[in-house]
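Undergrad: Attaching a single structure in structure tokens format; questions to follow.
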Amino acid sequence: MQVPILKQGAYLIATVQSALTDEDLKQLRDALVGQVSKVRARGVIVDVTALDVIDSFATRTLRDVAHMIRLRGAETVIVGIQPEVAFSMVKLGLSLEGVATALDLEEGLAYLDRKTKGHNHEVRTHR
Amino acid sequence: MRFALIADEVRVPIDSDADIVSARQKGRELASHCGFPSTDLAVVATAISELARNIVRYAVHGKIILRVVDNHGKRGIEVVATDDGPGIPDVALAMQDGYSTSGSLGLGLPGTRRLMDEFEIKSDFGKGTTVTVRKWKR
């Protein structure tokens, strides 16, 4: 199950539609890291609202995505972690330390706007 | 078996990472059918995911057996993850947070123990591993 990645302005939005296998997660990671450079995105939102399980592999992959994208100079925010998923993650001992999270897509966009504001402004003044 | 078995057990062969997803979906269905609250559905599904991944990662092939069990009127779900893989040389070490021989986060077994109410592990070096976990309805 491929995850569609949409470009909206300076951001990429990946919306997970259904359960992902480990292979799907790796594909998503590679696609996002590749796309960020290709379209010169400033920010990435990964919407995981549809995921009913975020286990150790998914957590590690999401963390890797955020760290790789940061190395490329862009920001990542994970949105829509369901309450029961959050509960299971904490019990399992997982955290998304160093990774921005937000309640939903709207909050995620607001976060990216705040984080990349200075950057966009800088780009504009150069034009 | 220590507990009365309610209805037929569900057996899910685990041979690839796609099977991890189907095992946890079947476990979730069974727990939902059993009347577990949604938080526990996520907990059971997450535990199954970790156990099934251990099979794929270390033993390659194995199976997950899902059962609805009864203990004096208290319903629960039992998950057995079993394989004929290489076994775990040091179970105590494998139960420690952060210990992994595969470069993973090393939270699978200790994390699964935290998620579930009961946890038993039997591993014969060179012969295989069986992990049995249960979650009881509150």
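Protein sequences, first through last, are from chains A and B.
Its first residue numbered 1, the first sequence is counted upward by one per residue in this note's numbering.
Its first residue numbered 128, the second sequence is counted upward by one per residue in this note's numbering.
Ideal placement from N, C-alpha and C gives every residue a C-beta, glycine not left out.
Computed from a prediction, not measured in an experiment: that's the story for all the values here.
#1: May I ask you to list, following chain order, the residues of the stretch 66-97 of chain A that have a beta carbon less than 7 Å from some beta carbon of chain B?
#2: Are any of the Cβ atoms in chain A nearer than 9 Å to that of D224(B)?
#3: Does the stretch 34-52 of chain A come into contact with the stretch 8-17 of chain A, if we say contact requires no fewer than three beta-carbon pairs (one atom in each stretch) closer than 8 Å?
#4: Suppose only complete runs of 3+ residues qualify. What are the beta strand (DSSP E) ranges in the stretch 146-234 of chain B, listed by chain order?
#5: Just to confirm before moving on: does the CB-CB distance between L242(B) and V170(B) stay below 9 Å?
#6: What are the start and end residues of the beta strand (DSSP E) that includes S56(A)?
#7: Name the chain A residues whose beta carbon is nearer than 8 Å to that of V170(B)?
#8: Taking 9 Å as the cut-off, decide whether the C-beta atoms of V99(A) and R63(A) are in contact.
#9: According to the neighbour-count rule (16 or more other Cβ atoms, all chains shown, within 10 Å of its Cβ), is P237(B) buried or exposed?
#10: Using DSSP with H/G/I as helix, E/B as strand and the rest coil, what is R129(B)?
#11: Within the same chain, show all residues whose beta-carbon is closer than 7 Å to that of D167(B), passing over the 5 residues directly before and after it, in chain order.
#12: Assign F57(A) to one of two classes, buried (16 or more other C-beta atoms within 10 Å of its C-beta) or exposed (fewer than that).
#13: Looking only at its own chain, which residues have a Cβ that is under 8 Å from the Cβ of S143(B), when we skip the five neighbours before and after it?
#14: So for R265(B), helix, strand or coil by DSSP?
#15: Between which two residues does the alpha helix (DSSP H) carrying L51(A) extend?
#16: Establish whether the CB of E245(B) and some CB of chain A are separated by less than 9 Å.
#17: Would you say G253(B) reaches chain A, if we count a Cβ-Cβ gap shorter than 9 Å as a contact?
TA: Reading from the atomic positions:
#1: E84, V85, F87, S88, K91, L92, G93, L94
#2: Start at 1 with the first residue of the second sequence, and residue 224(B) comes out as number 97. D224(B) counts as touching chain A.
#3: yes
#4: 189-198, 201-210
#5: Here residue 242(B) is taken as the residue at index 115 of the second sequence, counted from 1. Here residue 170(B) is taken as the residue at index 43 of the second sequence, counted from 1. Contact flag set, yes.
#6: As a position in the first sequence, residue 56(A) is number 56, starting the count at 1. From DSSP, S56(A) is part of no beta strand (DSSP E) but of the alpha helix (DSSP H) over 56-71.
#7: As a working note, residue 170(B) is residue 43 in the second sequence. Result: E84, F87, S88, K91.
#8: Position 99 of the first sequence, counted from the start, is the residue given in the question as residue 99(A). Position 63 of the first sequence, counted from the start, is the residue given in the question as residue 63(A). In this structure, R63(A) lies closer than 9 Å to V99(A) by Cβ.
#9: Along the second sequence, one-based indexing puts residue 237(B) at 110. Buried is the call here.
#10: Reading the second sequence from its first residue, position 2 is the one you call residue 129(B). Three-state result, R129(B): coil.
#11: To locate residue 167(B), count along the second sequence from 1; it is residue 40. Once the five neighbours on either side are set aside, the close Cβ partners of D167(B) are A158, K262.
#12: On the first sequence, position 57 is the one that residue 57(A) refers to. By the neighbour-count rule (16 or more Cβ atoms within 10 Å), F57(A) is buried.
#13: Sequence index remark: in the second sequence, residue 143(B) carries index 16 (1-based). For S143(B), where only same-chain residues beyond five positions count, the Cβ hits under 8 Å are V183.
#14: Taking the first residue of the second sequence as 1, we reach residue 265(B) at position 138. Coil at R265(B), not helix or strand.
#15: Translated into positions along the first sequence, residue 51(A) becomes position 51. Taken as a continuous stretch (DSSP letters only), L51(A) belongs to no alpha helix (DSSP H), as it is neither H nor E.
#16: Here residue 245(B) is taken as the residue at index 118 of the second sequence, counted from 1. Answer no: the Cβ-Cβ gap between E245(B) and chain A never drops below 9 Å.
#17: Translated into positions along the second sequence, residue 253(B) becomes position 126. So, not an interface residue.
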